[in-house]
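K.L.:
Attaching a single structure in structure tokens format; questions to follow.
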Amino acid sequence: MDFTFTKKEEKFRSELRGWLEQNLPEGWLKGNRKLPEDSKLYSQFLRDWQRSLYEGGWAAIAWPKEYGGRDATLIEEIVYHQEMVRVQSPPLINYIGIHMVAPTLMQMGTVTQKEEFIEKILTGEQVWSQGYSEPSAGSDLSAIQTTAVKKDDKWVINGQKVWTSFAHVADRCFLLTKTEKSEGKHDGITVFLLDMNQPGVETVPIVQMDGHQEFNEVYLTDAIATDADVVGEVGKGWKVLIALMLHERSGIAAQVFTLEQQFNRVVEMAKAVQVCGVSLIEDPFVEDGLADLYTRINGAKLNYYRNITHTLKNGKPGPESSLDKLLVSELTKELFDFAMTIQGHAGVLMAEEALFDSDMQAQYLASFGATIGGGTSEVQRNTIGERILGLPKDLGR
Amino acid sequence: MDFTFTKKEEKFRSELRGWLEQNLPEGWLKGNRKLPEDSKLYSQFLRDWQRSLYEGGWAAIAWPKEYGGRDATLIEEIVYHQEMVRVQSPPLINYIGIHMVAPTLMQMGTVTQKEEFIEKILTGEQVWSQGYSEPSAGSDLSAIQTTAVKKDDKWVINGQKVWTSFAHVADRCFLLTKTEKSEGKHDGITVFLLDMNQPGVETVPIVQMDGHQEFNEVYLTDAIATDADVVGEVGKGWKVLIALMLHERSGIAAQVFTLEQQFNRVVEMAKAVQVCGVSLIEDPFVEDGLADLYTRINGAKLNYYRNITHTLKNGKPGPESSLDKLLVSELTKELFDFAMTIQGHAGVLMAEEALFDSDMQAQYLASFGATIGGGTSEVQRNTIGERILGLPKDLGR
Amino acid sequence: MDFALNEEQELFRTAIRKYMTDLGKTDIARSVIDGKLEVVTRVTAGFAEMGISAIPISEEQDGLGLGALDLVPVFEETGRVLLPGIQLETIALAVPLINNYGTQVQKSNLLSKVAIGESTISVAWYEQNRGLTPKSFSTIAGKTTSGYAVTGTKTLVAVLGNPDFFITGAQTAEGKSLFLIKASDVASRKILSSIDETQQIAQLTFDQAPAELLGELGEATQMLDDALLHFNAALCSSMVGGMDELVHTTTEYAKIRVQFNQPIGRFQAVKHGIVNMKLDLETARSLSYYAAWAVENDTADKQTAVHSARSFISKAYIKAAADSIQLHGGIGFTEELDVQLYLKRARYYENYFGSVRDSRKKTAHSLGWHTKSTKQTPVPVF
Amino acid sequence: MDFALNEEQELFRTAIRKYMTDLGKTDIARSVIDGKLEVVTRVTAGFAEMGISAIPISEEQDGLGLGALDLVPVFEETGRVLLPGIQLETIALAVPLINNYGTQVQKSNLLSKVAIGESTISVAWYEQNRGLTPKSFSTIAGKTTSGYAVTGTKTLVAVLGNPDFFITGAQTAEGKSLFLIKASDVASRKILSSIDETQQIAQLTFDQAPAELLGELGEATQMLDDALLHFNAALCSSMVGGMDELVHTTTEYAKIRVQFNQPIGRFQAVKHGIVNMKLDLETARSLSYYAAWAVENDTADKQTAVHSARSFISKAYIKAAADSIQLHGGIGFTEELDVQLYLKRARYYENYFGSVRDSRKKTAHSLGWHTKSTKQTPVPVF
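Protein chains in written order, with numbering that gives the first Met the number 0: chain A, 0 to 396; chain B, 0 to 396; chain C, 0 to 381; chain D, 0 to 381.
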């Protein structure tokens with residue numbers, strides 16, 4: 000066992016750290032981390048940030064050098080996430096493009112697709128969204144009903160997508176459609192690289208329970224795509240989707256480190272907030288609960304390290320990532336639930352009036368998305384039971 | 000709302016209490032409640048106790064007067080259970096006969112069956128066991144494989160039963176068999192009133208994890224029954240089984256009151272046991288945990304009272320009994336788990352060397368049977384989900 | 000032995016539920032979120048019309064002279080639709096305080112107005128960074144020629160619908176005491192942003208506010224402890240109403256939502272999840288009924304009955320709402336569905352006038368666990 | 000970055016697992032239940048042959064001079080088969096105590112015998128109705144011409160296989176101190192009945208027993224706290240081994256057991272139940288590896304690493320065993336299956352040398368939560 004970094008990895012970290020100190024938005028490191036509320040300004044702010052990352056060579060470190068990446072090792076990726084979480088960097092507006100679409104195109108895109116999209120993804124000139132879920136296809140993506148029908152060399156697309164992240168700012172969408180009625184439920188699905196800037200595409204934001212609007216409904220009414228927009232083969236889109244999902248090899252890292260940071264923030268609160276002159280943390284129930292959370296959150300991080308070790312030794316990740324996802328998302332919910340409880344009645348206060356952290360209550364509400372988005376905890380448990388433990392397949396699968 | 004008893008009910012209680020004081024085995028009320036270890040002496044002790052109950056008119060209070068019962072009301076039954084639990088009365092050796100078999104025979108037995116069995120059940124002359132479960136038919140009783148085949152006016156029975164309570168002391172068994180291969184999985188089942196005293200019946204005790212031997216395996220090798228032993232119709236045994244199970248209208252009462260008594264015992268322990276001169280209950284975590292358990296155990300009792308009220312108003316019990324069973328059995332496990340934890344390392348000591356109660360550790364181990372026997376918690380949850388909430392039927396049912 | 004609401008109480012429930020349905024159920028709560036606070040005044044009038052606000056007020060003060068059990072159907076049904084406002088504070092906290100400790104004049108002046116819906120009263124007790132049972136107040140009351148003058152700042156005060164009076168706690172030479180202060184005598188009021196936007200809470204500053212003593216000097220804690228039994232019993236009913244609605248809507252959703260070609264209620268993870276909510280609901284309802292019964296009948300075990308009920312239900316309500324969000328999946332995370340409103344309300348009530356830990360501690364003390372003398376009866380009283 | 004056992008350690012695991020399989024897995028534990036205590040002596044010899052008992056002993060004393068990480072595969076595999084005996088007490092508690100605090104003579108006399116399997120040593124610390132970190136002992140040690148004489152009664156002492164020596168705690172004028180006492184000098188020994196019948200615990204009475212001081216006078220608590228880091232890291236591995244076996248057997252059972260015409264592992268209540276066991280197992284294993292790594296490398300966070308691991312694993316082991324019984328159904332409740340033995344072992348270890356609450360308290364203190372000065376680093380060390 001060895002938890003140290005090599006000199007090369009430490010050099011990588013300090014290079015990144017130095018770059019961040021120079022290039023993060025004005026006042027960011029001093030805690031002025033408010034993003035513009037206006038949708039256009041918000042989008043521009045994040046596009047500028049991605050442009051800046053691109054120019055520094057930090058937008059897509061895991062990509063091959065030939066495409067403008069750094070050929071970063073898995074450990075370098077982890078260092079990257081640690082540092083990004085540490086400074087609470089602005090979100091990457093083209094996350095989907097960089098971490099999912101482009102690597103998939105590198106693997107199975109046509110020469111034209113590679114030329115047309117990959118560089119624009121890297122520079123942030125072109126922002127991507129993903130269009131998988133539908134009102135009737137949430138956990139069960141094979142149930143999608145959006146159709147693409149070929150008419151005179153064009154594909155005419157109709158249907159509705161939901162939970163389409165970044166759709167309101169996106170130029171293109173990685174879109175799952177049904178092109179044939181078929182027996183096998185994973186057959187007849189085709190992936191398009193849909194141009195979002197056309198009349199047939201309408202985007203309506205979804206208001207979340209925490210008040211944020213990070214996702215959208217997308218209504219497709221005779222939206223148009225061409226053969227050149229198809230990824231892989233027509234009718235074989237399920238394979239493309241699986242390939243895309245496997246491209247996030249360091250996927251959970253940011254969440255692991257974020258959870259740890261959030262935990263430390265809750266501890267700070269328990270030390271700082273006093274009731275009748277006594278810090279919350281001096282209450283044995285607060286101490287006990289936090290020690291338990293510390294242990295399990297640290298355990299989740301250590302699990303992740305074991306899985307990375309496994310990946311490094313085997314050259315590819317195993318199904319253990321669903322284990323990490325499940326643990327981290329459930330712990331995020333538990334952490335903020337506990338943080339709410341210990342604040343007492345003053346915990347109902349939000350934003351500027353909040354007892355300690357103006358964001359704590361909002362993070363509590365946001366935490367409910369963690370065990371739903373990206374595969375519900377129920378689906379994760381099925382995956383773990385079936386893929387890791389080899390238990391029999393569930394009903395209807 | 001009214002939690003008082005009528006004068007008649009109070010009179011019933013004091014009559015029973017007076018009788019118990021006079022008739023419980025020597026020294027019982029002073030805490031000398033050890034049953035004989037030798038199997039024969041044990042059986043004789045319990046038969047004597049049932050004979051005594053019979054002679055006092057307390058063996059089957061809910062039975063109609065014509066059969067030797069008291070036509071007791073539901074509330075009187077509850078009072079009866081309260082008093083029996085209060086004095087921790089010896090177990091009723093013919094529980095199955097009195098609470099299940101005889102009421103079923105009264106409802107659907109032949110005249111001969113009624114004459115032959117009911118009085119003997121009441122006096123304890125004939126002890127009954129139940130033969131439902133099999134190695135491959137636990138939660139799923141419809142999967143039984145014990146066969147009864149008609150040969151020359153006799154039924155020849157072969158198979159294996161398991162979890163057959165009282166089989167080692169029983170004279171007769173209420174036996175579930177398969178008499179026809181059939182499509183519908185509840186068809187082709189026939190119930191026999193099997194004579195246990197015959198060469199084809201072999202009984203082997205099952206040793207439980209708490210060391211007790213309350214149940215048995217019963218091996219049936221060309222065991223013989225006659226047409227006169229069939230309850231209801233041949234092939235319609237599933238209906239008989241359902242009828243039998245519905246006859247326990249006050250079924251959960253004893254468990255509810257026992258749980259409450261056990262809880263009070265744990266509180267006594269927490270007050271009495273001291274570590275470094277301080278009672279366990281002065282530890283805030285012990286206080287908090289016990290207050291939580293108190294609340295939920297009391298809640299389970301109050302649920303039971305609401306269900307009784309419902310039964311009194313509607314004339315028959317609803318499916319809510321599965322709710323009571325689930326809560327009480329799960330709480331029993333939780334209670335003893337907590338009782339183990341708070342005893343510290345000395346909690347590993349058993350029997351005479353136990354920290355407080357010579358029986359606490361054994362009760363902890365026994366509690367694991369509560370959520371398995373009589374329908375596992377998983378099956379109870381299905382029943383509640385489907386019968387009370389109307390959710391769709393499970394896989395395979 | 001009869002552990003159920005009586006026929007009249009169930010009929011009353013039906014009437015209130017109909018009224019709430021007519022008002023559009025959670026539409027009222029959503030109106031408050033949208034800033035249309037006038038709906039609350041309409042509800043207060045409706046309550047008076049139906050005789051709800053008169054329930055616990057004696058006939059001398061134009062009330063109905065009924066008890067805590069008659070409030071059970073009321074607050075279950077208002078809780079079911081997350082009715083915003085300070086009905087609980089007025090009817091189940093201020094009224095018992097005035098009823099038990101007020102002078103004849105105070106009763107006449109205040110209670111009949113509450114009964115006919117012309118007045119609501121809130122309670123301003125909490126001070127910043129103090130516990131819910133503070134050892135002392137920084138708010139102080141000084142004697143004046145005509146009564147008292149109170150100076151200090153209170154926070155987390157429920158003010159939706161603009162109550163006419165506040166019952167507040169202040170320090171006097173004789174100890175912690177309760178006072179009545181007219182809303183018009185509040186020096187300043189600052190609305191605070193709350194996780195439950197269907198409620199409105201404020202910080203109130205008193206600056207030599209004219210105040211009338213309520214009850215005896217130095218008796219604030221004991222008076223409030225006693226009145227909080229009424230309040231907590233009613234609060235429990237309100238939370239039970241919310242839980243009941245959550246179980247209902249989650250069950251119905253699980254029957255119709257199809258994934259993997261199955262209604263999701265067929266999957267045990269979903270089915271058993273809802274069953275667990277149902278189990279908690281049944282226990283919560285039993286405990287809340289018993290708490291109200293104990294308060295109404297002033298039983299020896301009323302402390303235990305109320306605090307144990309509160310300790311369970313506060314937690315179970317949050318869990319029911321949180322689990323319901325999860326079982327609804329993506330749609331449960333949106334602002335469109337009501338389930339998130341139940342979560343926020345449950346959170347709002349979690350520590351209101353006491354935490355779960357506080358309630359458990361009080362349960363333990365009321366059961367005599369920390370005194371050598373008390374002994375449990377071997378047979379439950381019933 | 001490499002968070003896994005190395006190849007040698009995994010090979011060692013394979014060897015030990017093979018040895019345990021040759022011994023019939025849990026047959027050894029069941030032999031002890033049947034009173035055939037001689038199996039334990041055979042195991043001690045086998046351990047010496049395989050070099051296990053020499054692992055943490057330095058080469059000067061005929062040991063291998065290896066560290067806590069090399070004990071991980073050993074105790075995972077012995078825990079997997081519920082190996083009875085005092086291997087943990089000898090190798091992971093007595094040895095570190097003697098190694099760190101013993102004189103050269105004590106090391107020479109005691110450790111080489113342990114290394115070659117000729118001696119086992121247990122620890123007699125607990126006194127009746129005292130906590131696990133008593134403020135004072137009623138057992139006392141008086142100075143004699145040749146050393147000390149100890150008088151008093153210890154209980155819950157692990158004695159399976161008849162250890163040759165006991166390390167015990169006694170009160171002296173200088174405070175709580177540790178002593179070495181020969182088993183032959185114990186005045187009387189009473190075997191106690193334990194929930195885990197695969198172990199043997201006793202009450203020991205010392206009556207002016209000749210005793211040798213171990214370490215410095217008055218330093219018992221500090222010495223024990225330090226050595227318990229070794230012990231708890233090893234104990235965690237042992238519990239992880241048990242959990243691993245539980246997950247394995249429960250999974251296999253769920254694949255073959257058919258009810259309602261389905262392998263029960265197809266039902267989500269069963270499937271997700273096993274998945275939850277698996278999640279706990281993974282966390283337990285990660286925490287135990289890290290604890291052993293921290294002890295081996297004497298890191299600054301070793302207190303946190305060990306106590307947090309222990310706090311989680313003690314509880315998770317009980318839960319895994321309890322859930323496994325439930326998932327097995329009726330057969331799980333019988334003496335025939337091993338799963339009940341795991342439950343009893345888990346319970347036996349729950350409060351051994353400290354409770355879950357104790358471990359959490361120590362975790363909190365080691366993280367500096369109660370001191371104003373300590374600050375968390377914003378980026379995790381790794």
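Note that beta-carbon positions come from the ideal geometry of N, C-alpha and C, so glycine has one too.
In chain C, which residues lie with their C-beta within 8 Å of the C-beta of Phe266 (chain D)?
P.N.:
Going along chain C in sequence order, the residues near Phe266 (chain D) (Cβ under 8 Å) are Gln267.
K.L.:
Per DSSP, Asp194 (chain A) is paired with what?
P.N.:
Bridge partners of Asp194 (chain A): A:Arg171.
K.L.:
Met349 (chain B) touches chain D at which residues, Cβ-Cβ below 7 Å?
P.N.:
Going along chain D in sequence order, the residues near Met349 (chain B) (Cβ under 7 Å) are Ser192, Ser193 and Ile194.
K.L.:
Take Met349 (chain B) and list the residues in its own chain whose beta-carbon comes closer than 6 Å to its own, dropping the five residues that flank it on each side.
P.N.:
Gln360, listed in sequence order.
K.L.:
Please give the ranges of any beta strand (DSSP E) in the segment 196-224 of chain C, keeping only runs that are unbroken, at least 3 residues long and fully inside the region.
P.N.:
Within the segment 196-224 of chain C, the complete beta strand (DSSP E) runs of at least 3 residues are 200-213.
K.L.:
Does Leu28 (chain B) pass the burial test, meaning 16 or more other C-beta atoms within 10 Å, or should it be called exposed?
P.N.:
Result: exposed.
K.L.:
Considering Glu48 (chain C), what are the terminal residues of the alpha helix (DSSP H) in which it resides?
P.N.:
Its alpha helix (DSSP H) spans residues Glu37 to Glu48.
K.L.:
Please name the residues in the segment 229-240 of chain A whose beta-carbon is closer than 7 Å to at least one beta-carbon of chain B, in chain order.
P.N.:
Within the segment 229-240 of chain A, no residue qualifies.
K.L.:
Pull out every residue of the segment 324-341 of chain A whose Cβ sits closer than 8 Å to any Cβ of chain C, in chain order.
P.N.:
Residues passing the 8 Å Cβ filter: Lys332, Asp336, Met339 and Thr340.
K.L.:
Looking at the unbroken alpha helix (DSSP H) that takes in Ala269 (chain A), where does it start and where does it end?
P.N.:
Per DSSP, Ala269 (chain A) belongs to the alpha helix (DSSP H) from Ala252 to Ala271.
K.L.:
Keeping to the same chain, check which residues put their C-beta closer than 6 Å to that of Asp122 (chain A); ignore five residues upstream and five downstream.
P.N.:
A quick correction: the sequence has Thr, not Asp, at residue 122 (chain A). So the qualifying residues of the chain are Tyr53.
K.L.:
Output yes or no for whether 9 Å exceeds the beta carbon distance between Ile241 (chain B) and Asp194 (chain B).
P.N.:
It is not a contact, given that the beta carbons lie outside the stated cut-off.
K.L.:
Determine, using beta carbons only, whether Ser42 (chain A) and His211 (chain A) come nearer to each other than 9 Å.
P.N.:
No, these two residues do not count as a Cβ contact at 9 Å.
K.L.:
Can you grab the Cα-Cα spacing for the pair Glu82 (chain A) / Phe2 (chain D), in whole Å?
P.N.:
Taking the straight line from one Cα to the other gives about 21 Å.
K.L.:
Applying the criterion that 16 or more other CB atoms from any shown protein chain within 10 Å of the CB defines a buried residue, is Gln275 (chain A) buried or exposed?
P.N.:
Reading the sequence as shown, one finds Cys at residue 275 (chain A) and not Gln. Burial call: exposed.
K.L.:
Taking 9 Å as the CB-CB limit, is Leu289 (chain B) close to chain A?
P.N.:
Taking Cβ atoms only, chain A never reaches closer than 9 Å to Leu289 (chain B), which makes this a no.
K.L.:
With Glu20 (chain B) as the anchor, note down where its beta strand (DSSP E) starts and where it stops.
P.N.:
Premise fails: Glu20 (chain B) lies in the alpha helix (DSSP H), Lys6 to Asn22, not in any beta strand (DSSP E).
K.L.:
Could you tell me which of D:Glu334, D:Gly64, D:Thr13 and D:Leu81 sits nearest to Ile27 (chain D), measuring between CA atoms?
P.N.:
Comparing Cα-Cα distances from Ile27 (chain D) to each of D:Glu334, D:Gly64, D:Thr13 and D:Leu81, the minimum goes to D:Leu81.
K.L.:
What residue does the alpha helix (DSSP H) around Ile51 (chain C) start on, and which one ends it?
P.N.:
Looking at the DSSP string, Ile51 (chain C) is not in any alpha helix (DSSP H), and its letter there is neither H nor E.
K.L.:
Using a Cβ-Cβ distance cut-off of 9 Å, determine whether Asp224 (chain C) contacts chain B.
P.N.:
Cβ-Cβ to chain B under 9 Å: no for Asp224 (chain C).
K.L.:
Is there a C-beta anywhere in chain D that falls below 9 Å from the one on Asp1 (chain A)?
P.N.:
Yes, Asp1 (chain A) counts as interfacial toward chain D.
K.L.:
Just the C-alpha distance for Thr376 (chain C) and His369 (chain C), rounded to the nearest angstrom, thanks.
P.N.:
Caution applies to Thr376 (chain C), whose pLDDT of 45 falls short of 50 and renders its modelled position unreliable; the model cannot decide the point.
K.L.:
Identify every residue that forms a DSSP beta bridge with Leu348 (chain B).
P.N.:
D:Ser193.
K.L.:
Please give me, in chain order, every unbroken run of the alpha helix (DSSP H) with length at least 4 that falls completely inside the segment 56-85 of chain A.
P.N.:
Listed in chain order, they are 73-85.
K.L.:
Strictly below 7 Å CB to CB, what residues from chain C border Arg305 (chain B)?
P.N.:
Phe2, Ala3 and Ser285, listed in chain order.
K.L.:
Rounded to whole angstroms, how far is the Cβ of Ala210 (chain C) from the Cβ of Phe178 (chain C), which I believe are closer than 8 Å?
P.N.:
Sure, about 4 Å apart at Cβ, within 8 Å.
K.L.:
Using only alpha-carbon positions, find the residue among B:Ala269, B:Thr294 and B:Ile296 that is nearest to Pro283 (chain B).
P.N.:
Among B:Ala269, B:Thr294 and B:Ile296, the Cα nearest to that of Pro283 (chain B) belongs to B:Ala269.
K.L.:
Return the CA-CA distance between His327 (chain C) and Phe367 (chain A), expressed in angstroms with no decimal places.
P.N.:
C-alpha separation (whole angstroms): 11 Å.
K.L.:
Strictly by DSSP, which residues pair up with Ile180 (chain D)?
P.N.:
Paired residue(s): D:Phe165 and D:Ala210.
K.L.:
Give me whichever residues DSSP pairs with Lys113 (chain B) in a beta bridge.
P.N.:
Paired residues: none, contrary to the question.
K.L.:
Determine, for Thr138 (chain D), whether the minimum Cβ-Cβ distance to residues of chain B falls below 9 Å.
P.N.:
Judged by the 9 Å Cβ criterion, Thr138 (chain D) is not in contact with chain B.
K.L.:
With distances taken between CB atoms, is the gap from Gln339 (chain D) to Leu228 (chain D) smaller than 9 Å?
P.N.:
Not a contact, by the Cβ cut-off of 9 Å.
K.L.:
Any beta-carbon of chain A closer than 9 Å to the one on Leu292 (chain B)?
P.N.:
Not one chain A Cβ lies under 9 Å of Leu292 (chain B).
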